[in-house]
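Just so you know, we're using the UniProt record's numbering here: the sequence shown kicks off at 1 and counts up by one.
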Amino acid sequence: MAMCWSSRSAAIRGRAHLAATHAGAGARAMASLFGHVEPAPKDPILGVTEAFLADPSPDKVNVGVGAYRDDNGKPVVLDCVREAERRIAGNLNMEYLPMGGSIKMIEESLKLAYGEDSEFIRDKRIAAVQALSGTGACRLFADFQRRFLPDSQIYIPTPTWSNHHNIWRDAQVPQRTFTYYHPESRGLDFAGLMDDIKNAPNGSFFLLHACAHNPTGVDPTEEQWREISYQFKVKNHFPFFDMAYQGFASGDPERDAKAIRIFLEDGHQIGCAQSYAKNMGLYGQRAGCLSILCEDEMQAVSVKSQLQQIARPMYSNPPVHGSLVVSIILNDPELKSLWLKEVKGMADRIIGMRKALRENLEGLGSPLSWDHITNQIGMFCYSGMTPEQVDRLTNEYHIYMTRNGRISMAGVTTGNVAYLANAIHEVTKTK
Ligand code: LMR
């Protein structure tokens, strides 16, 4: 039946109304589906960078994130990295890496952590996969722990890098803490640490920072590491080393692997997360390695296959560029020695800035002791400032740092050290 114009346009209006109603209902359904999702709290470290970037002040200083800067406050690409990239350019296809990542990069990483002539490498006792930097390595391990040792817990030092808590939480591994830092001396609470190791149930998993502890900059001495290792042996604990700063503590990657080597000498099975973010400046390349020392080669083959199984549904296989840069540098004696020189250069600049910050504070007549600035090691100084004092630094002086009082010494330069010292003095001179 033919429709007259008026009824036809009414029908069209009706359809349009119906469509709009459906769209509205759809939008409402969408809104209610995610309506309960609250904004996530800001990350205590990366949130500081966001706030810094949003601040238009010309005086602003970022000593928040642990990322190396040169003496002009600029990010650095190492010469050895530039040269490796030059060699890669044009020679790289874009094929997938295997699930476990680049074999060459893994081989070089293991030599760095376990020693060039390690018997464990020779005997193929180490299960290792390329990981998405140190975070990815820790996360793979945490997931492995959850899957194969579901009744285990992880003991985490107090304090630690804030993301450690997130990693083991999301892997659903229960967390315990152990004593590490002594606030009064701004140093190690060795007695408390040893007590907690002794009191943990036999066979517990412990997260240890291999060197340049983040956030405190406080490392055990070699002698203390030996005692810790001995006690671990007595208690049959498993040490998982996060080695995010190899080379950044002493300037020498070999020396910074000392804690791991002591545990290996003592016959422990260990786990190790390595990162090239800091020591090669490959922050955004997400290049790292997870390794687990097994009882024999057969066990290592099984463990590696399971680590790959965990990686596959998460990200399938790791990215290729950073791993090529790493393996080219570590595999070429000339590039490797250039890298060692550049790591030392970065560590030395930080050590120089520690001295300068302390001298500036003392020069201002600060009544407080600032010895810990030079006693602590690595990228961070755990200043002892309170969250309120840090808030004043940010609000009054545009100085950005984490609220736990951690100063990233890598962000301190000859140009800003006096300004920083003056501001710290101002906020700390009165209670
Ligand atoms: C830091 O501690 O500042 C760095 O390890 C960067 C990060 O991812 O938190």
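Backbone N, C-alpha and C define an ideal beta-carbon position, used for all residues, glycine too.
Taking the alpha carbon of G64 as the reference point, which residue from M401, L53 and G405 has its own alpha carbon closest? M401
Residue ranges of each alpha helix (DSSP H) run of no fewer than 4 residues wholly in the region 238-312, ordered along the chain? List check, alpha helix (DSSP H) in window: 253-256 and 258-265.
Taking 7 Å as the limit between beta carbons, can you name the residues of its chain near I350, skipping five residues before and five after? Correct list, in chain order: M379, M409 and A410.
Rounded to a whole number of angstroms, what is the C-alpha to C-alpha distance between L420 and L357? One alpha carbon belongs to L420, the other to L357, and they sit about 8 Å apart.
Report the start-end ranges of each alpha helix (DSSP H) in the region 120-190 that is 4 residues or longer and not cut off at the edges. 133-148 and 162-170
Return yes when at least one heavy atom of ligand 1 lies under 7 Å from the C-beta of L132, else no. no
Contact between the region 327-334 and the region 220-239: three or more CB pairs below 8 Å? no
At a cut-off of 7 Å, would you count W168 as near ligand 1, judging by its Cβ distance to the nearest heavy atom? False, no ligand heavy atom lies under 7 Å from that Cβ.
Should A2 go down as buried or exposed, given a rule of 16 or more other Cβ atoms within 10 Å for buried? At A2 the pLDDT is 38, less than 50, meaning the model places this residue with poor confidence and gives no usable figure here.
Tell me whether the region 137-155 and the region 205-217 touch, counting them as touching only if at least three CB pairs, one residue from each stretch, are closer than 8 Å. yes
At the level of alpha carbons, what is the spacing between G35 and R69? 42 Å
So, using beta-carbon positions, are L361 and H268 closer together than 8 Å? No, these two residues do not count as a Cβ contact at 8 Å.
By C-beta, the residues closer than 6 Å to any heavy atom of ligand 1, given in chain order: I45, V65, G66, W161, N163 and N214
Do three or more CB pairs link the region 139-152 to the region 180-200 at distances below 8 Å? no
Would the C-beta of F52 count as close to ligand 3, meaning under 7 Å from any of its heavy atoms? By its list of ligands, the structure shown excludes ligand 3, since it contains just ligand 1.
Starting from the C-beta of T374, find all residues in its chain whose C-beta is less than 7 Å away, skip the five residues before and the five after it, and write them out in chain order. R354, K355 and R358
Return the Cβ separation of Q214 and A244 in integer angstroms, given the expectation that the two are a contact with Cβ distance under 8 Å. Checking the displayed sequence, the identity of residue 214 turns out to be Asn instead of Gln. About 7 Å; that satisfies the 8 Å criterion.
Using CA atoms only, rank isn't needed, just tell me which of I103, R125, K74 and V129 is closest to residue 433. As shown, the chain starts at 1 and ends at 431. That puts residue 433 outside it, with no answer to give.
What residue range is occupied by the uninterrupted alpha helix (DSSP H) comprising C80? D79 to I88
Classification of Q246 by the beta-carbon crowding that lies within 10 angstroms, buried from 16 upward: buried
Which complete beta strand (DSSP E) runs does the region 350-419 hold, if anything under 3 residues is left out? 380-382 and 406-408
Excluding the 5 residues preceding and the 5 following L324 in the sequence, name in chain order all residues of the same chain whose CB lies nearer than 6 Å to its CB. I88
Return helix, strand or coil for P333, following the three-state DSSP convention. Note: P333 maps to helix in three-state DSSP.
Under 8 Å between C-beta atoms of C289 and S109: With respect to S109, C289 sits close: the two C-beta atoms are nearer than 8 Å.
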